[in-house]
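Numbering-wise, the numbering used here puts 188 at position 177 of the sequence shown, and it's gapless, one number per residue. Just so it is clear, CB atoms sit at the ideal spot from N, CA and C, and this is done for glycine as well. Since the model is a prediction, treat every value here as computed from it, not as a measurement. Working notes, beginning with the structure itself.
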Amino acid sequence: MVKAYYKNSKGEVLWLTRAPFRTIDADWFDSTWKESDSGYEKTVTLDVFGKREEFIQNMETLYKIISVDAETGNYGRLYVNDTFLPCQIYTTKKTGWKGYVYTEVELTFLAPELSWITILDKRFYPQIKPAPDSGLDFSADIPFDFTNEKRGSSSFEINHIIPSDFEMIVYGPCINPKVLINGYPYEILTTLEGNEYLILNTAEQTITKYLSNGTTDNLFNVRGYDYSVFEKIPPGLINVNWSGDFGIDLYVFLKRKEAAW
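Next comes the structure, spelled out in C-alpha cells:
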C-alpha cells in the first residue's frame, strides 16, 4: 500500500491515502509534472468523505493544513513511501460536490525543483579511546606497541549516481570541529560547549549554531575558507575521519526524478 502525506512547514500532517482523505495510488508515481514560471506543477484529485458534521470538520482540517504554506510562502514536504518532495499546495478546486457527505478536491502542488529525496542517515559517536586496527598488542605496560590505533574513523557506502547535498550536525564540546570526508575537509572555526551543537546544510548553504540558552548564531563567516564546506558528497565508498572528540549526525539527501516505489 502506498503511503502518501503532506507535511506543511509547521509540521502538521495531511494523510492523502487514509480515510477521510483518499487519492489514487498511481498518481504518485507519475513523473510528469508541468513546468511553469514558478517551478513544476501537478494536480491530484483528493476524495473527502464524512457524514455532515464529520465532513465539515474534515474540510476545515484540510484547509488549515494546506493553507499554511500557500499563505506564508514556505514549502512543506510531499511524502510518498520513503521519499519526499519539497513543495506547497498553492491552489484547490472543489468538484463532484454531493451535499455534506462527499466531494472531490483538486490539489495543485508547486515544487521549485523536481527532485524526490531519500535521506540516508549515519551517526558517528565520540571515540575517546583509540580502537586497535591491526598489529600486535601487549598487556604489559611498555613504552611502545605495534598496534595501528584509530580514533574518529568510520566508513559507509552511498549507492547513488550523482554527488549529494547533506546536513551535518556536530555536537559539543569541541573546538574548531573538522571532519574529513574522503579526505576533503569540512571545518568550522567555533567553540561548542557540551550542550551546544551546529548544523551545516549544503543545499541551503547555511551554518547555524544552537546555544544552550535557546538562541542561535550564524556561523557562515567563520567557516573554513581553504575548501568550501558546501561541497556535495560523492557516491560510492565514503571514509569519515575526525578527532573522535565529538559526535556527528550526517543526513545525505539522495535525489531522484520519481517517488520511491
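| Item | Value |
| --- | --- |
| Sorted by chain position, which residues of the same chain lie with C-beta nearer than 7 angstroms to Glu117's C-beta, five sequence neighbours on each side aside? | Thr54, Thr56, Thr103, Lys104, Thr106 |
| Classify Phe155 as buried or exposed, calling it buried when 16 or more other Cβ atoms lie within 10 Å of its own Cβ. | Note that Phe155 scores 39 on pLDDT, short of 50, meaning its location in the model is unreliable and no value can be drawn from it. |
| Anyone know if the C-beta pair for Ile180 and Arg234 falls short of 7 angstroms? | no |
| Hey, would you say Ala271 sits closer than 7 angstroms to Thr94, going by beta carbons? | yes |
| So, helix, strand or coil for Gln99, using DSSP? | strand |
| Between which two residues does the beta strand (DSSP E) holding Tyr74 run? | Element bounds for Tyr74: not the beta strand (DSSP E) but the alpha helix (DSSP H), 63 to 83. |
| Spell out the partners DSSP gives Leu16 in its beta bridges. | The residue asked about is misnamed: residue 16 is Tyr in this sequence, not Leu. DSSP lists Trp26, Tyr90 as partners of Tyr16. |
| Pull up the CB-CB distance for Leu121 and Gln99, whole angstroms please, since I reckon it's below 8 angstroms. | 6 angstroms |
| In whole angstroms, what separates the C-alpha of Ala15 from that of Ile186? | 42 angstroms |
| According to the neighbour-count rule (16 or more other Cβ atoms, all chains shown, within 10 Å of its Cβ), is Val112 buried or exposed? | exposed |
| Spatial neighbours of Asp256 within its chain, please: C-beta separation below 7 angstroms, excluding the five flanking residues on both sides. | Pro137, Cys185 |
| Please list, in chain order, all residues of the same chain as Tyr51 whose beta carbon is under 6 angstroms from its beta carbon, the five residues on each side excluded. | Trp44, Ala122, Leu125 |
| Flag this pair as yes or no: are the beta carbons of Thr202 and Ile210 separated by less than 7 angstroms? | no |
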